[in-house]
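Colleague: Quick one: this structure, given as structure tokens, is what I'll be asking you about.
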Amino acid sequence: MIKDTRYIDWFKLDNAAKIFPAVSNKKETNTFRVQFALVEAVDPELLQLAADAIIERYPMFKVRLKVGFFWSYFDYNSSPFYVEPLPTQVCGQLSPKENNGYLFKIYYRNNLIALEVFHSLSDGSGAVTLMKSLVYEYLSLKGYKLTPDNLILTRDSLPTIEEYEDSHGTYYNAKNRRHVPEKKAFGIKGTPIPDGHIGLISGTLSTKEVVDLARRNQATVTEYLAAVMMYMIYITQIKYREHLKANQKPVKLFIPVNLRKHFPSQTLRNFTNFVKTDMVMARPDISLEEIMQLVKEQFKKGMTKEELIRKMSENVAFEKNVLLRVTPYFLKRYMLKIGYQIMGLSLNTMSFTNIGRIDLPESMKPYIDNVSAAVYSGKFNTLNVAITSFEDKFKITFTRSIIETTIEREFFRFFTSMGMHLEIESNYVEEYK
Amino acid sequence: MKHCDKCYVDIQTNQKYCPLCHQVLSGEDDPNLKEVYPEYVPLRREVLPLTKKILLFTTIVSILVLLSINLLTWDGSFWSLIPIGAIIYFWLIVRYGVLSKQNIAFKLALLTTVLVAILNLIDQNYGPVSDRGWALDYVTPFAFLACNLAISVIIWIRRINYRDYMFYLISIIIFSLIPVILVLFKVINITWPAISAFGAAVFILLFIIFFFPKSIKEEIKKRFHL
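In structure tokens:
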């Protein structure tokens, strides 16, 4: 029997992925969602066919997580995969023991197709690529004439070894790996939603208007929105609370950076790093302009090649640490958990993801209404944001693990008060008791 | 399309309130509208089912009763540990044999190993000294032999991907070499069960080495990569 060389039998988790299986649970699920809304209702049977075909094209998703003696690893998964109707729970836990071992789910509802991925498998960019292929395949099966225009990995193309690559290991620099200690971040407090449910509120603005607005302020869209978000956190959470100001922790937004744009990587697995905005807001008179200035500077500093490589190499150095490597996995789990407690979530106020523009072939565009994304929210990062834009629909999706919607409200009112048109969606978690 | 006059936002829903400020929305309900996201259904709380409660209750009560009778009629031995061991093994079967989602090779390997351990403990500590040794002589080799054959037959008959099972099969094969080593060190006196278990294990091992040579190497590489 000739072995099918398209499949790698098993592979190690990439540098960023290694942490997630050890620290994920029901509350901190480390799952995110990418969702395409089509123009017409989705046919589940066709979607199943499309999913079957596309999973063969994405062998790095056709895996199950297994525990070895020193590390866990991904092993080829021969079980069938099933699409499911969209559940209430947004970005729920994807346990390696359920779902036939698959660490991602494909959902449908009315005209929505949603993909939820456990962060060990891939990052936002990888998920969007998979989702584009899936929707392309689905629409083709429906009988529409589409052309991929080099924007889609179609089912008849071959997976390449480069798509499996752990690019952190390829591009890190052992000499530039200084650890920079960080302070704990301010956390947004609130009343937890029962049962660990996640509330989702998504607003659609006009892409053109948002881009124009950012340009008028001499900033990129991400910089501008991050600054507005910082300002809204300041107004709603800090400004009028004197007791908080006395011992103020800095407000920090964790903003993922897609490293494929900085390095020639083809990988479909994790390859992201981050910039952080960081500001101590213990003053009564902070203005949006002041924050904007600071955010721009911090972006400039954080996005330099040296800084990106430093952050990446710091993580790779941690992974390559001999002591950590020779520790058996059942002990290593605890080491990773403790490390994540200290150096992970508590250093961010909010994770603020801008996936950016979704490029689709012209022939596909008429069938798609909008694209959005969502990130899980947990115990510490109680409110997170994911942003996507497709054509003129600029979608900002808030996910929260608390009942309060103050920040969302002020954030969206900031735009409507300027006369911009805004349409919202909600999963109305708070209305059902 | 509904509208919130306070937030100046539009929303397509049949809900009454604005999700941002909880004011009443203006506009009419659309009977044909399907909500974008499904309704919130409270999660099923995982309360213990009644059968499990009863079983757990009887288990704990019987363990306590056994212990007290044993202590009240003390005759120099902890005989109550034998039924208590059996009860605990029953729970292991329920937890890892029936309810677990692990694969069947893991279940068989785990339950066999624990059974062998329990029976050996009983053998070593109870009964007249002259009768001791049955667990090592007979039970250990035969239990591993049975487990070996069971896993091999399951892999063979169900034609499933052997890769998920290989690790457990190999561990059981290695375990079934133990009785022969004990024979060599004269701990076991009755040799034929040990040798037949050894023979079967070596046969299966050779079969894997000859016909699936890469699988063992791969399995070790996978499980032990640094």
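Chains U and R, in that order, give the protein sequences.
Residue numbering for the first sequence is 6 to 438, as defined by the numbering used here.
Residue numbering for the second sequence is 18 to 243, as defined by the numbering used here.
Glycine included, C-beta positions come from ideal geometry on N, C-alpha and C.
As the structure is a prediction and not an experimental result, all values here were calculated from the model.
Taking the Cβ atom as the reference point for each residue, do Leu-70 of chain U and Gly-97 of chain U lie within a distance shorter than 9 Å?
Modeller: no
Colleague: Out of U:Ile-291, U:Gly-344 and U:Tyr-81, point me to the one whose CA is closest to Met-237 of chain U's CA.
Modeller: U:Ile-291
Colleague: Does any residue of chain R bring its CB to less than 9 Å from the CB of Lys-23 of chain U?
Modeller: no
Colleague: Smallest Cα separation from Gly-102 of chain R: which of R:Ser-79, R:Ser-117, R:Gly-93 and R:Asn-120?
Modeller: For Gly-102 of chain R, the nearest C-alpha among the options comes from R:Ser-79.
Colleague: Is the beta carbon of Pro-366 of chain U less than 9 Å from the beta carbon of Ile-193 of chain U?
Modeller: No, the Cβ-Cβ distance between Pro-366 of chain U and Ile-193 of chain U is not below 9 Å.
Colleague: In the DSSP assignment, the beta strand (DSSP E) including Pro-261 of chain U goes from what residue to what residue?
Modeller: Boundaries of the beta strand (DSSP E) harbouring Pro-261 of chain U: 256 to 263, taken from the DSSP string.
Colleague: Mapping the DSSP letters down to three states, classify Arg-114 of chain U as helix, strand or coil.
Modeller: strand
Colleague: Per DSSP, Lys-32 of chain U forms a beta bridge with which residues?
Modeller: According to DSSP, Lys-32 of chain U bridges with nothing at all.
Colleague: Check the Cβ of Ser-145 of chain U against every Cβ in chain R and list those closer than 9 Å, keeping chain order.
Modeller: Neighbours of Ser-145 of chain U on chain R: none; closest Cβ ~26 Å, over 9 Å.
Colleague: Check each residue of the stretch 106 to 130 of chain R: if its Cβ is closer than 7 Å to any Cβ of chain U, include it; give the result in chain order.
Modeller: Lys-118
Colleague: Just verifying my parser: in three-state terms, what is the DSSP assignment at Val-380 of chain U?
Modeller: Looking at Val-380 of chain U - three-state DSSP - the assignment turns out to be strand.
Colleague: Counting pairs of Cβ atoms below 8 Å between the stretch 85 to 93 of chain R and the stretch 144 to 154 of chain R, do you hit three or more?
Modeller: no
Colleague: Look up Ala-163 of chain R in the DSSP assignment and say whether it is helix, strand or coil.
Modeller: helix
Colleague: Within 9 Å (strictly less), CB to CB, does Thr-171 of chain U reach chain R?
Modeller: The amino acid at residue 171 of chain U is misidentified as Thr; the sequence shows Asp. Taking Cβ atoms only, chain R never reaches closer than 9 Å to Asp-171 of chain U, which makes this a no.
Colleague: Name, please, each residue of chain R whose Cβ falls closer than 7 Å to the Cβ of Thr-421 of chain U.
Modeller: Cys-24, Tyr-25 and Val-26
Colleague: Measuring CB atoms only, is the stretch 170 to 177 of chain U touching the stretch 377 to 390 of chain U, in the sense that at least three cross pairs come out at less than 8 Å?
Modeller: no
Colleague: What residues from chain R crowd round Arg-418 of chain U, counting only those whose CB sits closer than 7 Å?
Modeller: Ordered by position in chain R, the residues that pass the 7 Å Cβ test against Arg-418 of chain U are Cys-24.
Colleague: Going by DSSP in three states, Asp-374 of chain U sits in which element: helix, strand or coil?
Modeller: strand
Colleague: Just reading off the alpha helix (DSSP H) that Met-284 of chain U is part of, what are its end residues?
Modeller: Premise fails: Met-284 of chain U lies in the beta strand (DSSP E), 277 to 284, not in any alpha helix (DSSP H).
Colleague: By Cβ distance below 6 Å, which residues in the same chain neighbour Ile-7 of chain U in space, the five residues on each side in sequence not counted?
Modeller: Bear in mind that the predicted position of Ile-7 of chain U carries a pLDDT of just 42, short of 50, making it unreliable; the figure below should be weighed with that in mind. Excluding positions up to five away in sequence, the list is empty.
Colleague: Quickly, what does DSSP pair Arg-362 of chain U with across the bridge? List them, please.
Modeller: U:Ser-394
Colleague: Quick check on the burial criterion: 16 or more other C-beta atoms within 10 angstroms. Buried or exposed for Gly-93 of chain R?
Modeller: exposed
Colleague: Classify Val-215 of chain U: buried if its beta carbon has 16 or more other beta carbons within 10 angstroms, exposed otherwise.
Modeller: Classification for Val-215 of chain U: buried.
Colleague: Are the stretch 126 to 135 of chain U and the stretch 265 to 275 of chain U touching by the rule of at least three beta carbon pairs closer than 8 Å?
Modeller: yes
Colleague: Would DSSP call Leu-427 of chain U helix, strand or coil?
Modeller: Three-state DSSP puts Leu-427 of chain U in coil, outside helix and strand.
Colleague: Compare the C-alpha of Phe-215 of chain R against each of R:Leu-243, R:Lys-19 and R:Leu-199 and name the closest.
Modeller: R:Leu-199
Colleague: Rank U:Val-327, U:Val-376, U:Ile-408 and U:Phe-323 by C-alpha distance to the C-alpha of Asn-20 of chain U and give the top, closest one.
Modeller: U:Phe-323
Colleague: From the DSSP secondary-structure annotation, give me the bridge partner or partners of Thr-411 of chain U.
Modeller: The partner list for Thr-411 of chain U (beta bridge, DSSP) is empty, contrary to what the question assumes.
Colleague: Just to confirm, is the Cβ distance from Tyr-113 of chain R to Ile-135 of chain R under 9 Å?
Modeller: no
Colleague: Since Thr-4 of chain U and Lys-398 of chain U should fall inside the 8 Å C-beta cutoff, what is the C-beta to C-beta distance between them, to a whole number of angstroms?
Modeller: Because chain U spans 6 through 438 in this model, residue 4 of chain U falls outside it and cannot be assessed.
Colleague: Could you please tell me which residues of the stretch 304 to 326 of chain U, in chain order, have their CB closer than 9 Å to any CB of chain R?
Modeller: none
Colleague: Going by the DSSP bridge assignment, what does Gly-204 of chain U pair with across the sheet?
Modeller: U:Arg-405
Colleague: Let me check one thing: in DSSP terms, what residues is Asn-389 of chain U bridge-paired to?
Modeller: U:Thr-404
Colleague: What residue range does the alpha helix (DSSP H) around Arg-69 of chain U cover?
Modeller: Counting along the chain, Arg-69 of chain U falls outside any alpha helix (DSSP H), though it belongs to the beta strand (DSSP E) covering 68 to 72.
Colleague: Indicate whether at least one CB of chain R lies closer than 9 Å to the CB of Phe-41 of chain U.
Modeller: Phe-41 of chain U does not count as touching chain R.
Colleague: What residues of chain R sit near Tyr-78 of chain U, judged by a beta carbon separation below 8 Å?
Modeller: Lys-239 and His-242
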